[in-house]
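Encoded as structure tokens, the structure appears first; notes follow it.
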DNA sequence: GCTCATATTGACTGACCAGTCAGTTTACAT
DNA sequence: ATGTAAACTGACTGGTCAGTCAATATGAGC
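Chains as they are written, first to last, in the numbering used here: chain S, 1 to 191; chain R, 1 to 191.
Take a look at the structure:
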């Protein structure tokens, strides 16, 4: 018997990530992915039944990783304000370190190539964030408006902020953009 | 001689808009577009040299229309706060009335199918917004941080807000989402 | 009505590509 | 060593589709 090689699957996923962000889903033939990943066409289809399954897996992974990185250490903070700020900084840090994954998320967030179920699963990882908002409202730290609305506003502002921070090469300026962005979000939410 | 028919070109663009948002760029064959638009394949390629030229034209048009609608009547307002609120309401109103166009913009904002030049032209229509922010800072109404950063934050929050408002059918709730969103944005910006 | 330029048609083509499969290699068990 | 189950290979195929083009329809000017 032989064991499936996590290395090969990983190589395929990583290559696909880069190529999909650079050339789009339809613009990248599976043959190119397998070639760049150093495996045969057949191998790609051994690990992923279809091209769609490949992008779906990729989407789930990236979303899940992003959510995990963002939530890192927020229970250590006690106030909603501090939690939110920590979360924002985590998000920014991850985005700076993984621009390809970030671009991938943006590019395929509304894409019909990614299945509805993958989109839903991706969303689900960020639900803890809505709870965080809800708790902040209960504690009187956050303005009492519909939490799901605040969550949307915060998430999109965050994403816009990171994209903008990435557009400059200067580290100092990036930090300034991030701090300003976090201020914007906090002032928008606080009671 | 015969004149090119604006009607046919319009029908093609309108059909393409719907199909692209529903099925993606690569997912919609030109043959389907022409069929649904009620013209022959050849006619589509008479009005648009390539499929890319078609989506580019569409992108430019939609972005330009969106910008125009958003800026409607903002010179009537005197304060930055009032201008911003008017702009936000315009944007929301347009988005509610043109969900397909909005979805198209979101879906293709980061798409490699749309040429760089079309992306740039699309962006350029929203530059007046950055000036508005700059003016507000000068007048002491808006917090003194880099205007381009504020612009990004505002734009992404706005877009997130509209998408969220569209997800409910109830008119009253929509209005609440919009008012809450505009508050969020304003509190985030004001001095 | 006739002419002519151009709009319109749709069958066709050449290229491309997702996914298959018959065969080959690998590594584990006995 | 040998058997064997599963990983791996890559040439191949069936289908699809962007874009072409020779033929035809249309309408403006005479």
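We put the beta carbon where it would ideally sit given N, CA and C, even for glycine. Just so we're clear, the structure is a prediction, and the values are computed from it rather than from any experiment.
Nearest to residue i (by Cα), restricted to the options the options
i              : options                           : result
residue 186(R) : 110(R), 157(R) and 74(R)          : 157(R)
residue 8(R)   : 75(R), 29(R) and 41(R)            : 41(R)
residue 189(S) : 134(S), 165(S), 160(S) and 175(S) : 134(S)
residue 184(S) : 108(S), 24(S), 153(S) and 114(S)  : 153(S)
residue 102(R) : 20(R), 26(R), 113(R) and 191(R)   : 20(R)
residue 81(S)  : 173(S), 14(S), 166(S) and 139(S)  : 139(S)
residue 120(R) : 60(R), 107(R), 75(R) and 33(R)    : 60(R)
residue 96(R)  : 13(R), 180(R) and 168(R)          : 168(R)
residue 181(R) : 150(S), 4(S) and 54(S)            : 150(S)
residue 100(S) : 72(S), 136(S) and 14(S)           : 14(S)
residue 36(S)  : 51(S), 16(S) and 58(S)            : 16(S)
residue 83(S)  : 176(S), 174(S), 170(S) and 131(S) : 131(S)
residue 176(R) : 107(S), 155(S) and 145(S)         : 145(S)
residue 53(R)  : 191(R), 88(R), 148(R) and 116(R)  : 116(R)
residue 58(S)  : 79(S), 78(S), 87(S) and 104(S)    : 104(S)
residue 79(S)  : 3(S), 141(S), 174(S) and 173(S)   : 141(S)
residue 73(S)  : 64(S), 62(S) and 87(S)            : 87(S)
residue 191(R) : 147(R), 171(R) and 63(R)          : 147(R)
residue 56(R)  : 173(R), 118(R), 143(R) and 174(R) : 118(R)
residue 62(S)  : 170(S), 106(S) and 174(S)         : 106(S)
Endpoints, alpha helix (DSSP H) assigned at residue i
i              : result
residue 104(S) : 99–108
residue 167(S) : Note, residue 167(S): premise wrong, no alpha helix (DSSP H); not H, not E.
* Would you mind listing the alpha helix (DSSP H) stretches within the stretch 111–140 of chain R that are 4+ residues and don't spill past its ends, in chain order? => 116–124 and 127–138
- [ ] Could you run through the stretch 157–173 of chain S and flag, in chain order, every residue whose CB is less than 8 Å away from some CB of chain R?
- [x] 157, 159, 160, 161, 163 and 164
Uninterrupted beta strand (DSSP E) stretches inside the stretch 47–87 of chain R (no shorter than 3 residues)
none
message: Against chain R, which members of the stretch 134–147 of chain S pass a CB distance test of less than 9 Å?
response: 143, 145 and 146
_Inter-stretch contact at 8 Å, needing at least 3 Cβ pairs: the stretch 120–137 of chain R / the stretch 58–68 of chain R_ = Taking a cut-off of 8 Å on C-beta distances, the stretch 120–137 of chain R touches the stretch 58–68 of chain R, as three or more cross pairs fall below it.
What are the complete alpha helix (DSSP H) segments, minimum 4 residues, inside the stretch 6–52 of chain R?
-> Runs of the alpha helix (DSSP H) inside the stretch 6–52 of chain R: 6–23, 30–37 and 41–47.
Problem set entry | Interface positions of the stretch 47–61 of chain S facing chain R (Cβ-Cβ less than 8 Å), listed along the chain | none
Exercise. Do the stretch 19–37 of chain R and the stretch 106–116 of chain S make contact, defined as three or more Cβ pairs closer than 8 Å?
Worked result: Touching, per the Cβ criterion.
Stretch-stretch touch, CB-based, cutoff 8 Å, three pairs: the stretch 158–172 of chain R with the stretch 88–103 of chain R: yes
- Message: Closer than 8 Å is the cut-off here; do at least three beta carbon pairs connect the stretch 42–55 of chain S with the stretch 8–17 of chain S?
- Response: yes
Review point. For the stretch 25–50 of chain S, which residues have a CB atom closer than 8 Å to at least one CB atom of chain R, in sequence order?
Key: Against chain R - using a Cβ distance shorter than 8 Å - the residues of the stretch 25–50 of chain S are 25, 26 and 27.
| message | By the 9 Å beta-carbon criterion, what residues does the stretch 116–134 of chain S contribute toward chain R? | response | Per Cβ criterion, the list is empty.
Residues from the stretch 93–107 of chain S in contact with chain R, defined by Cβ distance under 8 Å: 103, 106 and 107
**Request:** Please name the residues in the stretch 62–88 of chain S whose beta-carbon is closer than 9 Å to at least one beta-carbon of chain R, in chain order.
**Result:** none
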